[in-house]
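Under numbering that gives the first Met the number 0, the first residue of the sequence shown is numbered 0, with each subsequent residue one higher.
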Amino acid sequence: MRLAAGRLKHHPSRKDLTRKTDRGPVWTGEVRFNEHWLIEPLRRRAPKRIFVCAHGDLFHASIPTDWIDLVHAVMAHAPRHDFQVLTKRSARMEAYFTDPGLEERVRTAARELQLKYPRRRDLRQLPAQPLFPLPHEWLGVSVEDQRRTHRIDDLRRTPAALRFISFEPLLEGFDHLDLTGISWAIVGGESGPRARPMRKRWVQEINDRCFDQDVAFFFKQWGGPRPKSAGRLLDGALHDAIPERLEDGSSLIPLLSSNHNLDRACRETEAFLARIQV
């Protein structure tokens, strides 16, 4: 919302999507389908990781199912890319991917794209075998605190080639964290002028659960007034595990972190954490 009300406020995709309040800019509730960006993945020839709907939520209640079908039709036509879909609306995501009509709806959306873009050779006929779960689509949920752990259960029930959790912003620790069926965990602190502090032990506990349950662990940031206020070292190490696509189409889940002796950066991180501990 801050971005839409700031440097993107005149951009056609964001203009008038927020209103001013005493708490800062707030979303108006309007949703937009930026159709001119829909087939952008088809224009990118080199394989990429594409974070879908980065400033929104593809499974928000206001998003028509037809739009979600079109997005998945594009994904189905671009198997060279890995698509990451992150949502807070885990129940709708589960319902979408377990709907018996999903396959036919997405194939219908694909035919609509073929008619609209008849000169695009990459919008050829889709294979006859079942499309879902798409082997190159990663499905994830945001889990900020214990009240949101039900999203993990919804994710587990959702057919997916790869499942991940974003603990960002991490706002409290977890008593019992079951990561069964999860391949990747991302942890990060909140950033911005009103950022709430993240405790070191909360991050360590998730890292330990990932180690015990064979889940790749990525530590994004400590957060603070700015994303880089305290760096991204945990106990003097960078934790950069990201699943990698293998030639046979499967994913390699890296389970070991890359350790670096970065004493100065580690001292700066510890000093910042000492200031925010209460």
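Ideal Cβ positions, reconstructed from N, Cα and C, are used throughout, including at glycine.
Backbone secondary structure at residue i - three-state DSSP
| i | result |
| --- | --- |
| Thr159 | The residue you asked about is not Thr; residue 159 is Ala in the sequence shown. Coil at Ala159, not helix or strand. |
| Trp221 | coil |
| Phe173 | coil |
| Lys237 | Just to set this straight, residue 237 is Leu in the shown sequence, not Lys. Strand at Leu237. |
| Ile252 | coil |
| Arg22 | coil |
| Arg6 | coil |
| Arg1 | helix |
Bridge-paired residues (DSSP) for residue i
| i | result |
| --- | --- |
| Val142 | Partner(s): none; Val142 has no beta bridge. |
| Ile164 | Val140 and Ala184 |
| Arg150 | Arg150 is not bridged to any residue. |
| Glu246 | BP columns for Glu246 are empty, so no partner. |
| Thr17 | Trp26 |
Candidates the options: closest to residue i by CA position
| i | options | result |
| --- | --- | --- |
| Arg104 | Pro253, Asp213, Pro129 and Leu7 | Pro129 |
| Phe82 | Pro224, Ala160, Tyr116 and Arg155 | Ala160 |
| Ser89 | Lys14, Leu57 and Ala45 | Leu57 |
| Ile27 | Arg43, Ala109 and Arg1 | Going by the sequence as given, residue 27 is Thr instead of Ile. It is Arg1. |
| Leu237 | Ser249, Phe32 and Trp221 | Trp221 |
| Asp15 | Asp21, Glu29 and Ser165 | Glu29 |
Exposed unless 16 or more other CB atoms sit within 10 angstroms - verdict on residue i
| i | result |
| --- | --- |
| Gly187 | buried |
| Glu34 | exposed |
| Pro126 | exposed |
| Ser256 | Residue confidence for Ser256 is low, a pLDDT of 43 falling below 50, so the modelled location carries little weight; the figure read from the coordinates is stated next. That one is buried. |
| Arg44 | exposed |
| His135 | buried |
| His149 | exposed |
| Val281 | A query on residue 281 cannot be resolved here, the shown segment of the chain reaching from 0 to 277 and no further. |
| Met100 | The identity of residue 100 in the sequence shown is Gly, whereas the question assumes Met. Result: exposed. |
| Thr179 | exposed |
| Ser182 | buried |
| Leu69 | buried |
| Gly139 | buried |
| Glu224 | Here residue 224 turns out to be Pro, not Glu, going by the sequence shown. Pro224 comes out exposed. |
| Lys227 | exposed |
| Ser190 | buried |
| Pro158 | exposed |
The ligand COA heavy atom lying under 7 Å from the CB of residue i
| i | result |
| --- | --- |
| Pro196 | Absence of the ligand COA is noted for the structure shown, with no ligands found whatsoever. |
- Query: Fully enclosed by the segment 176-214, which alpha helix (DSSP H) runs are 4 residues long or longer?
  - Reply: Uninterrupted alpha helix (DSSP H) stretches at least 4 residues long and entirely within the segment 176-214 occur at 199-211, given in chain order.
- Message: To test your reading of the DSSP string, which unbroken alpha helix (DSSP H) runs of 4 or more residues are found completely within the segment 29-65?
- Response: Counting whole runs of 4 or more residues, the segment 29-65 contains the alpha helix (DSSP H) stretches 39-42.
- What residue ranges within the segment 73-148 form continuous beta strand (DSSP E) runs of no fewer than 3 residues, ordered along the chain? Those beta strand (DSSP E) runs which fall completely within the segment 73-148 and span 3+ residues are 81-86 and 136-141.
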